[in-house]
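Shown next, in structure tokens, is the structure this report addresses.
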Amino acid sequence: MKSKLNSEKEFNKMFFEFSKTLLNLSTERETSLKRKDYEMLLESVVENVNFINSGSVLLRDEEGTFYYVAAYNHDYRLLEKIKFDEKEIIMRRFKHVYVIKRRNLDLIKELSNKLGNIDESLKDSVRSIQNIKAFVSIPIRVHRRIVGFFNLDSWESEDVFERKNFIPVAEMISDLLSLSLERFGLIKELKEKYEEVNRLLMVDPVTFLPNSKSLGNYFDRYVAIAKRESSNLYLVRVKINNFDDILRSRGVEFGNMLLKKMGRLLTKISRKSDLIASLRGGTFVILSISKETPKALLERIQSYLEDFGKEVNTHVEILMSLCEYGKDGKDLDSLLEALDVNVYKKIVENFAKSLGGVKF
């Protein structure tokens, strides 16, 4: 009876230390547990339960292979290169906490085969593995899928875990670890979803080019690059001036097709260093860094857009505007306003009248 009470007291102390350590690790960060974290958790168990002498943690990678991520009272250098295929793991371990005994599985032989030739400096370290009489394999689950095992070794006897009634405690450890890793998994999923939503908010849904918000974010970067390279920053605007009329006469679907074609065309004729943004109302803005006025870019735009109306079989009136950072303004809003004033070219293609030319 006294022995049982001592064990319960020991388990309570250990479980308190383990849960406190895990709680601190889980609340102080948003990234999953690392090697030193698992070592702290192993230490909290080994140092507080007299018949548990060492421990290790196996995790599963994306290919389904299990590898050691941490060890306590073992030399991690012995284990870090050892890997197990799923078929090598006893399948009963996937169902619940499971005690593996020396007589049921030749652990030493199995690990020796995995270790291969051991460096002379590590030969003494093998004793910790050779001392194992049994170990309790505690599964770690995330959404009911096994992602690893928290292994606790005893050097005392093969039946010590059953005799000391440690299995219920091991199951609680399993639950806590699983909850913690599920939390980290959820945080990762939420971050990925947030990043995905953020990307969508920065992209025009029709052309998949950067939108006005993205243009604002890139603007300061382009200003910094231009200053660093002792160059000028220019804003080129290409606007379908009669876009609203086209939507009324040809519909939204046609208007979207028009924007896609325009976006692809501008992407094709711009330099890789230029940023093309798709704004509302059939407007595109290009950020371009150049030592002088980007005449070549303007000429390419004019040349390629001369027959744009014919390609889409409708009357398209296009306005080109140009402004320069520092000269026309030093913030994005003032530069966008300057584009309304600094109309560079007006390109009109009227396919309906078959003019076959360009008017300015």
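Going letter by letter, the sequence shown gives residues 287 to 646 in my numbering.
By construction, the Cβ of each residue, glycine as well, lies at the ideal position given by its N, Cα and C atoms.
Assign residue i to one of three DSSP states: helix, strand, or coil.
{"i": "G612", "result": "coil"}
{"i": "E635", "result": "Bear in mind that a pLDDT of 47 at E635, under 50, signals an unreliable position, so the model cannot answer this."}
{"i": "V644", "result": "Bear in mind that a pLDDT of 33 at V644, under 50, signals an unreliable position, so the model cannot answer this."}
{"i": "I375", "result": "coil"}
{"i": "E294", "result": "helix"}
{"i": "L319", "result": "coil"}
{"i": "N503", "result": "helix"}
{"i": "K387", "result": "strand"}
{"i": "G471", "result": "helix"}
{"i": "S517", "result": "coil"}
{"i": "E578", "result": "coil"}
{"i": "K554", "result": "helix"}
{"i": "S559", "result": "coil"}
{"i": "R523", "result": "strand"}
{"i": "T569", "result": "strand"}
{"i": "V331", "result": "helix"}
{"i": "K288", "result": "Low local confidence applies: a pLDDT of 44 at K288 is under 50, so the model's placement there is unreliable, and no value is given."}
{"i": "G228", "result": "Within the shown structure, residues of the chain are numbered from 287 to 646, placing residue 228 beyond reach of any answer."}
Would residue i and residue j be called neighbours here (beta carbons separated by less than 7 angstroms)?
{"i": "I424", "j": "F436", "result": "yes"}
{"i": "Y611", "j": "L551", "result": "no"}
{"i": "Y358", "j": "V332", "result": "yes"}
{"i": "V385", "j": "A420", "result": "yes"}
{"i": "L467", "j": "I426", "result": "yes"}
{"i": "T493", "j": "G549", "result": "yes"}
{"i": "L462", "j": "L345", "result": "no"}
{"i": "E603", "j": "N527", "result": "yes"}
{"i": "F529", "j": "G471", "result": "no"}
On the DSSP bridge assignment, give the partners of residue i in chain order.
{"i": "D439", "result": "S340, F421"}
{"i": "G434", "result": "L345, I426"}
{"i": "P496", "result": "V489"}
{"i": "F352", "result": "R346, F370"}
{"i": "A357", "result": "S342"}
{"i": "I589", "result": "According to the sequence as given, residue 589 is Ser; it is not Ile. None, per the DSSP bridge assignment."}
{"i": "V629", "result": "S607"}
{"i": "A564", "result": "It is worth fixing the name first, because residue 564 is Ser in this sequence and not Ala. According to DSSP, which records beta bridges pairwise, S564 is partnered with F570."}
Report the residue from the options whose alpha carbon sits nearest the alpha carbon of residue i.
{"i": "D371", "options": "I604, L533, V433", "result": "V433"}
{"i": "R363", "options": "S411, E374, S443", "result": "S411"}
{"i": "E578", "options": "L521, S517, L618", "result": "S517"}
{"i": "G341", "options": "N451, S440, E296, V383", "result": "S440"}
{"i": "R507", "options": "S574, V343, S620, M300", "result": "S574"}
{"i": "Q416", "options": "K547, R388, V428, H429", "result": "R388"}
{"i": "E515", "options": "L465, K474, S576, G595", "result": "S576"}
For residue i, which residues of its own chain have a beta-carbon under 8 angstroms away from its beta-carbon, when the five flanking residues on both sides are left out?
{"i": "V509", "result": "L519, Y611"}
{"i": "I570", "result": "Note that residue 570 is Phe in the sequence shown, not Ile. Excluding sequence neighbours, F570 sits near L495, R523, V524, K525, M548, G549, L552, I562, A563, S564."}
Excluding five sequence neighbours on each side, which residues of the same chain lie with their C-beta closer than 6 angstroms to the C-beta of residue i?
{"i": "S607", "result": "R523, L625, N628, V629, Y630"}
{"i": "I453", "result": "V383"}
{"i": "S500", "result": "M488"}
Near residue i, what residues of its chain come up, given a Cβ to Cβ distance below 7 angstroms and the 5 sequence neighbours on each side ignored?
{"i": "Y324", "result": "V343, V355, A356"}
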